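Report on the following structure.
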Amino acid sequence: MPPSHATGLLAIYPHITGRDRLLLQLLDDHQVLTTDQIHRMLFHARRTCQIRLGELAALGLLDRFRFARTGGGSQPWHWTLGHNGHRFQAAAHHRPEPTVRASRQTVARLSANPHLTHLLTTNEFFVRLTAHARGHPQARLRRWWSETTTTRRYRTVTADGHGLWGVGDTVVGFFLETDTGSEPLGRVVAKLDRYAQLIRRGGPRYPVLFWLGSTPREEHLHRLLRGRPGDVPVATATHSSDPAAAVWLPHDATDRVRLVELPSDHGAPVADNPNYDDGVFVV
C-alpha cells in the first residue's frame, strides 16, 4: 500500500531537531529570514548553517528565493517555510492543513511583497538582540511579536513589532517602529496617538522605539517631537547601531542610553513563560 499524505510528513520527523523546530516557528511567526540572520541567531559556523538549510529545503520544510543585485551578482538567500514546513506548523497549532497551491502562493506573494525590505529590516532588529544575548549570558530576548501578533493583542496599536528585553532582573517592554524613509515623518509621529490611547485604556506604557535609516532623519524626527506631550515615551536610534547598546536617545534627553535603561511600565507583572507560543523567544 502506498504511503498516505500524512505518513509522508511523519516520515520527516526523525530528521527534525529542536533547533529546526525553533527555526520553523520563527519563520511561521515572522515570514522570512536571510541566511545571515539565521546564522547569527541559531548557528556558530556559517557553513554548518548553509548545509543545514539546504537539507531542510530538500525535505520540503523550507523554501527560498533571492533577487539579482544591482551592479551584478545576487542578493542573499531569503528563507521561508516550504510546503512541508507549512504542514508541520499547521499540525503544531491545530490549523487546517494547507494545499500545495496555497503554500506556493504564500511564497510567491511574500517574494513579491513591496514591503519585503521593511519586513526584513524589522526582523533584523530582533535578530541583533538575539545575537547580542548569545554573547551575554545575563541578556535575553524574552518576547518577539510580529506586527500581526502585536495588533491582535493590542488592537488599536499597529507597531511593526513588540518585545520584552531583559538583562539580569530588569525587563523592558517596547514597541518598534521601523522607518525605511517611505513615508513622511509627520505621519510617523502621528502614530503616537494610538499608543497614547492604549495607555489611557490601562495598557502598558512601553517606550516606542523609532529605528531610522540615517542620522539626519533621526534629527528631523526629534525636531518634530519637540513640544509634544510626554504621555508616550519615545527613543530613537539608527539602523547602523546595536539596539542592545547605549544608542537610544529619548526625545526629552541629550544622552543616549541602553535599551534596558529606558523607562517601561508593564502595567502588570511580566510572566516568565518559556513557551514560545505565548510570545517568549529563547535560544
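Adding 18 to a residue's 1-based position in the sequence shown gives its number in the numbering used here.
All C-beta atoms, glycine included, are put in the ideal place defined by N, C-alpha and C.
Keep in mind the model is a prediction, meaning the values are calculated, not measured.
query: How long is the line joining the alpha carbons of T53 and H62, rounded to whole angstroms?; result: 13 Å
query: For the alpha helix (DSSP H) containing A157, name the first residue and the last one.; result: Where A157 is concerned, there is no enclosing alpha helix (DSSP H), although the beta strand (DSSP E) it sits in stretches over A157 to S164.
query: May I have the straight-line CA-CA distance separating P32 from H111, to the nearest angstrom?; result: 20 Å
query: Nearest-angstrom Cα distance between E272 and H240?; result: Reading the sequence as shown, one finds Thr at residue 272 and not Glu. One C-alpha to the other measures close to 11 Å.
query: By the 10 Å Cβ neighbour count, where 16 or more other Cβ atoms means buried, how is N131 classified, buried or exposed?; result: exposed
query: Between which residues of its own chain and T174 is the CB-CB distance below 7 Å, once the five residues before and five after are set aside?; result: R212, Q215 and L216
query: Going by Cα to Cα distance, which pick from L71, E201, S92 and A29 is closest to R37?; result: L71
query: Which of the three DSSP states is assigned to A263 in this structure?; result: coil
query: Beta-carbon separation of V275 and L210 under 8 Å?; result: no
query: Given R122, which residues of its chain have a CB within under 8 Å of its CB, disregarding the five upstream and five downstream residues?; result: H101
query: Please list, in chain order, all residues of the same chain as G78 whose beta carbon is under 6 Å from its beta carbon, the five residues on each side excluded.; result: G100, H101 and N102
query: Could you check whether the segment 149 to 159 touches the segment 184 to 192, counting it as contact only if at least three pairs of C-beta atoms, one from each stretch, sit closer than 8 Å?; result: yes
query: What separation, rounded to the nearest whole angstrom, lies between the Cα atoms of T167 and P114?; result: 19 Å
query: First and last residue of the beta strand (DSSP E) that includes D187?; result: No beta strand (DSSP E) contains D187, which DSSP labels as neither H nor E.
query: Per DSSP, what are the beta-bridge partners of F193 in this structure?; result: H180 and V226
query: Should E201 be labelled buried (16 or more other beta-carbon atoms within 10 Å of its own) or exposed?; result: exposed
query: According to DSSP, simplified to helix, strand and coil, what is P17?; result: No answer is possible for residue 17: the residues shown for the chain start at 19 and end at 301.
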